[in-house]
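Q: Following this message is one structure expressed as structure tokens.
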Amino acid sequence: MPTSAVEDLLRELTPQVLGALVRRYGQFDGCEDAVQEAVLAAALQWPSEGVPGNPRGWLITVASRRIIDQMRSDHARRQRESALIDTTEPPEVPDTDDTLDLLFLCCHPTLTPASQIALTLRAVGGLTTTEIARAFLVPEATMAARISRAKQRINAVGRTFVLPRGTERLEAVLHVLYLIFNEGYTASSGAEVHRTDLAREAIRLTRMVHARLPDDSEVTGLLALMLLTDARRPARTTPTGDLIPLADQDRTRWDRRLIGEGTELAKTSLGGPALGPYQLQAAIAATHADAAEATDTDWRQVHALYLILERIAPNPMVTLNRAIALAELDGPAAGLSLLATLDADERMAGHYRLLSVRAHLLEKSGDPAAAHGLYLRAARGTASLAEQRYLQARASRLPH
Amino acid sequence: MKFIINLHINPAVLESLTDEEKEAIGDGHGKFMEALKESGELITTLALVDPSQAAVVTVRNGQTVATDGPFVEAKEHLGGFYLVDVESRERAVELAAQIPDAAIDGLGVEVRQVMFFAGDLD
Chain A
0 MPTSAVEDLL
10 RELTPQVLGA
20 LVRRYGQFDG
30 CEDAVQEAVL
40 AAALQWPSEG
50 VPGNPRGWLI
60 TVASRRIIDQ
70 MRSDHARRQR
80 ESALIDTTEP
90 PEVPDTDDTL
100 DLLFLCCHPT
110 LTPASQIALT
120 LRAVGGLTTT
130 EIARAFLVPE
140 ATMAARISRA
150 KQRINAVGRT
160 FVLPRGTERL
170 EAVLHVLYLI
180 FNEGYTASSG
190 AEVHRTDLAR
200 EAIRLTRMVH
210 ARLPDDSEVT
220 GLLALMLLTD
230 ARRPARTTPT
240 GDLIPLADQD
250 RTRWDRRLIG
260 EGTELAKTSL
270 GGPALGPYQL
280 QAAIAATHAD
290 AAEATDTDWR
300 QVHALYLILE
310 RIAPNPMVTL
320 NRAIALAELD
330 GPAAGLSLLA
340 TLDADERMAG
350 HYRLLSVRAH
360 LLEKSGDPAA
370 AHGLYLRAAR
380 GTASLAEQRY
390 LQARASRLPH
Chain B
0 MKFIINLHIN
10 PAVLESLTDE
20 EKEAIGDGHG
30 KFMEALKESG
40 ELITTLALVD
50 PSQAAVVTVR
60 NGQTVATDGP
70 FVEAKEHLGG
80 FYLVDVESRE
90 RAVELAAQIP
100 DAAIDGLGVE
110 VRQVMFFAGD
120 LD
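These protein sequence lines map, in sequence, to chains A and B. Residues 0 to 399 (numbering that gives the first Met the number 0) are what the first sequence spells out, left to right. Residues 0 to 121 (numbering that gives the first Met the number 0) are what the second sequence spells out, left to right.
Structure, rendered in structure tokens:
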């Protein structure tokens, strides 16, 4: 087997092996070291000597040997110190999906979202601490502290590893994957709009979850949403990095292959027993993808989907997006009156997105002076340089 | 989300503090820094020399002139900052409140989100 194929295989197997070991032995740190040693041994041996019949079993055996050696030497040390003997053998564990278990563990509710993200990328994604630090623009020492703290907390949670695979836990995992994707797709601050590597990694991990839970509609929906969103990436910025809004994008530059796959998945997910927020967002993205030109958009459908989304997962940002769809359907005045309902919402008052959407609708309704002022206020309110440039450009096109 | 926590100080206010109070501020900053490092929220922190050591640089008609002294003449000046990476604005405010300066009249602790970030971090 060529080296690159071995590397792909190892990347796929590493989280499974780590999951199996952590479940069996606890000690996140120790298991991670042992798995890394086993993977290194495999990377050296397999390309020349061939891949063993059961590569996953091979890795688990080698890594287990390392960790047992380590435990024995720790144990011997403790024994010298305390003369206490523990002869219990590690219990046999049922054969479950270790990658999923590892994901559930990394997204443990006792961790902050930033730690969940870091640990997921490290343990499941196999990214190095340096890579993760670079992706989030923080010093390596900062990221290392975050990851090590997360591991300590996981160790403290102990071997409560037989986790209920409840919907709540899956929700946490999907949310973390969604956050990783968003961080990659819309860098929250800074000069660049995209951090492609994070978006790609989020898609890879979501594919992995989808392969294991193909019947879960929200997993399917999230994967569809990511693919449909990522498909627009080539059309979303100018060569100089300026943002291009959906309505002005050159749709021939959208990635047709991703749209095809995303649309199929979105359809499949809607066939499930219950509707969830990711499915609905994927359906909205698929509706946009279906329009060859912005003017062909089925706004009635977009609006209806936002209305359902607003009912099952009320959120002012959803209402804001519904206002845009409503304005397309019934005119800017209808959109503006819906926006007015958001003024009382503390989360939205003065938010740059509310200001910019209102500016946009005022511009359409023929009030350029008011729109101009709001675009500039919105520009002052955003923490993204690309958004700021875009909003300033919108303002400068208007007479005032 | 990255935030800078600016520490605006007033030398007259600092001089009026007792030695114990000054020491408590120093200890407070030490503990704050350690806690931030441990939580993985600290990007960097630094303290600046007295503004009397500043120079304001102007270029007019291609001529560079450096004038000794601060740009803004004020009782307060920027004494240093903490640059942090946190979950939310609320967390940045919560951290700012842990800085000893925040409890002293005449010293200003100001939180502002970072919009652009470049350069090597390590």
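The beta carbon of each residue, even a glycine, is placed where N, CA and C say it ideally should be.
#1: Quick check on this structure: which residue in A:Leu397, A:Thr111, A:Asp344 has the alpha carbon closest to the alpha carbon of lysine 150 (chain A)?
#2: Pairs of beta-carbons, one from the region 177-184 of chain A and one from the region 140-156 of chain A, closer than 8 Å: are there three or more?
#3: Nearest to threonine 294 (chain A) by CA position, among A:Glu263, A:Ala281, A:Leu335, A:Gln248, is which residue?
#4: With 8 Å as the threshold, decide whether the Cβ of glutamate 33 (chain B) is near any Cβ in chain A.
#5: Expressed to the nearest angstrom, what Euclidean distance is found between the alpha-carbon atoms of glycine 365 (chain A) and arginine 376 (chain A)?
#6: Look at aspartate 104 (chain B) and glutamate 40 (chain B) and say whether their C-beta atoms are less than 8 Å apart.
#7: Is there contact between the region 287-304 of chain A and the region 319-338 of chain A, where contact requires at least three CB pairs shorter than 8 Å?
#8: Determine the direct distance from the alpha carbon of leucine 136 (chain A) to that of phenylalanine 116 (chain B), and round the result to whole angstroms.
#9: Beta carbon of alanine 400 (chain A), beta carbon of leucine 227 (chain A): below 8 Å?
#10: In terms of residues, what are the limits of the beta strand (DSSP E) holding lysine 1 (chain B)?
#11: Expressed to the nearest angstrom, what Euclidean distance is found between the alpha-carbon atoms of glutamate 109 (chain B) and arginine 310 (chain A)?
#12: Note down the Cα distance separating proline 367 (chain A) from glycine 27 (chain B), rounded to an integer number of angstroms.
#13: Residues bridged to tyrosine 81 (chain B) by DSSP?
#14: Flag this pair as touching only if the region 377-393 of chain A and the region 351-358 of chain A have three or more C-beta atom pairs under 8 Å; answer yes or no.
#15: Quick one: is threonine 66 (chain B) buried, meaning 16 or more other Cβ sit within 10 Å of its Cβ, or exposed?
#16: Pick from A:Thr239, A:Pro272, A:Asp229: whose alpha carbon is nearest that of leucine 257 (chain A)?
#17: If you check the beta carbons only, do leucine 43 (chain A) and alanine 33 (chain A) fall under 8 Å apart?
#18: When the Cα atoms are used, what is the spatial distance from threonine 98 (chain A) to valine 38 (chain A)?
#19: So which residues on chain B does arginine 145 (chain A) lean against when the C-beta distance must stay under 7 Å?
#20: State yes or no: is the beta carbon of glutamate 75 (chain B) nearer than 8 Å to at least one beta carbon in chain A?
#21: Using DSSP with H/G/I as helix, E/B as strand and the rest coil, what is aspartate 215 (chain A)?
#22: Touching or not, the region 11-30 of chain B and the region 51-61 of chain B, by the rule of three or more beta carbon pairs under 8 Å?
#23: I need the straight-line Cα distance from phenylalanine 80 (chain B) to arginine 111 (chain B), nearest angstrom please.
#24: What whole-angstrom Cβ distance do glycine 380 (chain A) and histidine 350 (chain A) have, given they're in contact under 8 Å?
#25: What residues from the region 121-152 of chain A come within 9 Å of chain B, judged by C-beta to C-beta, listed N to C?
#26: Are valine 123 (chain A) and valine 50 (chain A) closer than 8 Å when you measure CB to CB?
#27: By DSSP, does glutamine 112 (chain B) sit in helix, in strand, or in coil?
#28: Around the Cβ of serine 38 (chain B), are there at least 16 other Cβ atoms within 10 angstroms (buried) or fewer (exposed)?
#29: Considering only the alpha carbon of each residue, which of A:Leu308, A:Glu327, A:Gly25 lies closest to aspartate 297 (chain A)?
#30: By Cβ distance below 6 Å, which residues in the same chain neighbour isoleucine 24 (chain B) in space, the five residues on each side in sequence not counted?
#31: In chain A, which residues lie with their C-beta within 7 Å of the C-beta of lysine 36 (chain B)?
#32: At a CB distance below 9 Å, what residues from the region 105-118 of chain A approach chain B? Give them in sequence order.
#33: Establish whether the CB of leucine 178 (chain A) and some CB of chain B are separated by less than 8 Å.
#34: Can the beta-carbon of alanine 369 (chain A) be found closer than 8 Å to that of methionine 114 (chain B)?
#35: Any idea which residues DSSP pairs valine 55 (chain B) with across the strands?
#36: Have a look at aspartate 73 (chain A) and glutamine 26 (chain A) and give me their C-alpha separation to the nearest angstrom.
A: Reading it off the structure:
#1: Counting from one through the first sequence, the residue named residue 150 (chain A) turns up at place 151. Minimum Cα-Cα distance from lysine 150 (chain A) among the listed residues A:Leu397, A:Thr111, A:Asp344 corresponds to A:Thr111.
#2: Counting Cβ pairs under 8 Å, fewer than three are found: no touch.
#3: Within the first sequence, the letter at position 295 stands for residue 294 (chain A). Checked all of A:Glu263, A:Ala281, A:Leu335, A:Gln248; the closest Cα to threonine 294 (chain A) is A:Gln248.
#4: Position 34 of the second sequence holds residue 33 (chain B). No, its Cβ sits nowhere closer than 8 Å to a Cβ of chain A.
#5: Here residue 365 (chain A) refers to the residue found at position 366 when the first sequence is read from its first residue. Here residue 376 (chain A) refers to the residue found at position 377 when the first sequence is read from its first residue. Rounded to whole angstroms, glycine 365 (chain A) to arginine 376 (chain A) spans 19 Å at the Cα level.
#6: To locate residue 104 (chain B), count along the second sequence from 1; it is residue 105. To locate residue 40 (chain B), count along the second sequence from 1; it is residue 41. Cβ distance not < 8 Å, so aspartate 104 (chain B) and glutamate 40 (chain B) don't count as in contact.
#7: Here the region 287-304 of chain A lies against the region 319-338 of chain A, with 3 or more beta-carbon pairs under 8 Å apart.
#8: Against the second sequence, residue 116 (chain B) aligns to sequence position 117. Against the first sequence, residue 136 (chain A) aligns to sequence position 137. Approximately 8 Å, taken between the alpha carbons.
#9: There is simply no residue 400 (chain A) to check, as chain A begins at 0 and stops at 399 in what is shown.
#10: To locate residue 1 (chain B), count along the second sequence from 1; it is residue 2. Where lysine 1 (chain B) is concerned, the enclosing beta strand (DSSP E) stretches over 1-8.
#11: Along the second sequence, one-based indexing puts residue 109 (chain B) at 110. Along the first sequence, one-based indexing puts residue 310 (chain A) at 311. Spanning the two alpha carbons is a distance of roughly 39 Å.
#12: Within the first sequence, residue 367 (chain A) is the residue found at index 368, counting from 1. Within the second sequence, residue 27 (chain B) is the residue found at index 28, counting from 1. Take the alpha-carbon of proline 367 (chain A) and the one of glycine 27 (chain B): they are about 52 Å apart.
#13: Looking up residue 81 (chain B) in the second sequence gives position 82. Tyrosine 81 (chain B) is bridged by DSSP to B:Ile4, B:Thr44.
#14: These segments touch.
#15: As a first step, residue 66 (chain B) is located in the second sequence; it is residue number 67 there, counting from the start. By the neighbour-count rule (16 or more Cβ atoms within 10 Å), threonine 66 (chain B) is not buried but exposed.
#16: For this step, residue 257 (chain A) is matched to residue 258 along the first sequence. Cα-wise, what sits closest to leucine 257 (chain A) is A:Asp229.
#17: Position 44 of the first sequence holds residue 43 (chain A). Position 34 of the first sequence holds residue 33 (chain A). Taking C-beta atoms as the reference points, leucine 43 (chain A) and alanine 33 (chain A) fail to come closer than 8 Å.
#18: Locating residue 98 (chain A) in the first sequence gives position 99, counting from the first residue. Locating residue 38 (chain A) in the first sequence gives position 39, counting from the first residue. Those two C-alpha atoms are separated by around 16 Å.
#19: By 1-based counting over the first sequence, the position of residue 145 (chain A) is 146. In chain order, Gly39 make up the part of chain B whose C-beta sits under 7 Å from the C-beta of arginine 145 (chain A).
#20: Sequence index remark: in the second sequence, residue 75 (chain B) carries index 76 (1-based). Under the Cβ criterion of 8 Å, glutamate 75 (chain B) is not counted among the residues facing chain A.
#21: For the purposes of this step, residue 215 (chain A) is taken as the residue at position 216 of the first sequence. Coil at aspartate 215 (chain A), not helix or strand.
#22: Cβ pair count under 8 Å is below three, so no.
#23: Stepping through the second sequence from its first residue, residue 80 (chain B) is reached at position 81. Stepping through the second sequence from its first residue, residue 111 (chain B) is reached at position 112. About 11 Å.
#24: Start at 1 with the first residue of the first sequence, and residue 380 (chain A) comes out as number 381. Start at 1 with the first residue of the first sequence, and residue 350 (chain A) comes out as number 351. Contact annotation, glycine 380 (chain A) with histidine 350 (chain A): C-beta distance approximately 7 Å; criterion of less than 8 Å satisfied.
#25: Taking 9 Å as the cut-off between beta carbons, the residues of the region 121-152 of chain A near chain B are Thr129, Ala132, Arg133, Phe135, Leu136, Val137, Pro138, Glu139, Ala140, Thr141, Met142, Ala143, Ala144, Arg145, Ile146, Ser147, Arg148, Ala149, in sequence order.
#26: In the first sequence, counting from the first residue as 1, residue 123 (chain A) sits at position 124. In the first sequence, counting from the first residue as 1, residue 50 (chain A) sits at position 51. Result no, Cβ atoms of valine 123 (chain A) and valine 50 (chain A) do not sit closer than 8 Å.
#27: Here residue 112 (chain B) is taken as the residue at index 113 of the second sequence, counted from 1. In the structure shown, glutamine 112 (chain B) sits in a strand (DSSP, three-state: E or B).
#28: Taking the second sequence and counting its residues from 1, the one referred to as residue 38 (chain B) is at position 39. Label assigned to serine 38 (chain B): buried.
#29: Residue 297 (chain A) sits at position 298 when you count from the first residue of the first sequence. For the residues A:Leu308, A:Glu327, A:Gly25, the minimum Cα distance to aspartate 297 (chain A) belongs to A:Glu327.
#30: Here residue 24 (chain B) refers to the residue found at position 25 when the second sequence is read from its first residue. Closer than 6 Å at the Cβ level, and outside the excluded window around isoleucine 24 (chain B), lie Pro99.
#31: The residue given as residue 36 (chain B) occupies position 37 in the second sequence. Under the 7 Å cutoff, chain A gives Ala144.
#32: For the region 105-118 of chain A, residues whose beta-carbon sits nearer than 9 Å to a beta-carbon of chain B comprise Thr111, Pro112, Ala113, Ser114, Ala117.
#33: On the first sequence, position 179 is the one that residue 178 (chain A) refers to. With 8 Å as the cut-off, leucine 178 (chain A) does not count as an interface residue toward chain B.
#34: Within the first sequence, numbered from 1, the residue matching residue 369 (chain A) stands at position 370. Within the second sequence, numbered from 1, the residue matching residue 114 (chain B) stands at position 115. Contact flag unset, no.
#35: As a first step, residue 55 (chain B) is located in the second sequence; it is residue number 56 there, counting from the start. Among the bridge pairs identified by DSSP, valine 55 (chain B) is matched with B:Thr66.
#36: Position 74 of the first sequence, counted from the start, is the residue given in the question as residue 73 (chain A). Position 27 of the first sequence, counted from the start, is the residue given in the question as residue 26 (chain A). The straight-line gap from Cα to Cα measures roughly 13 Å.
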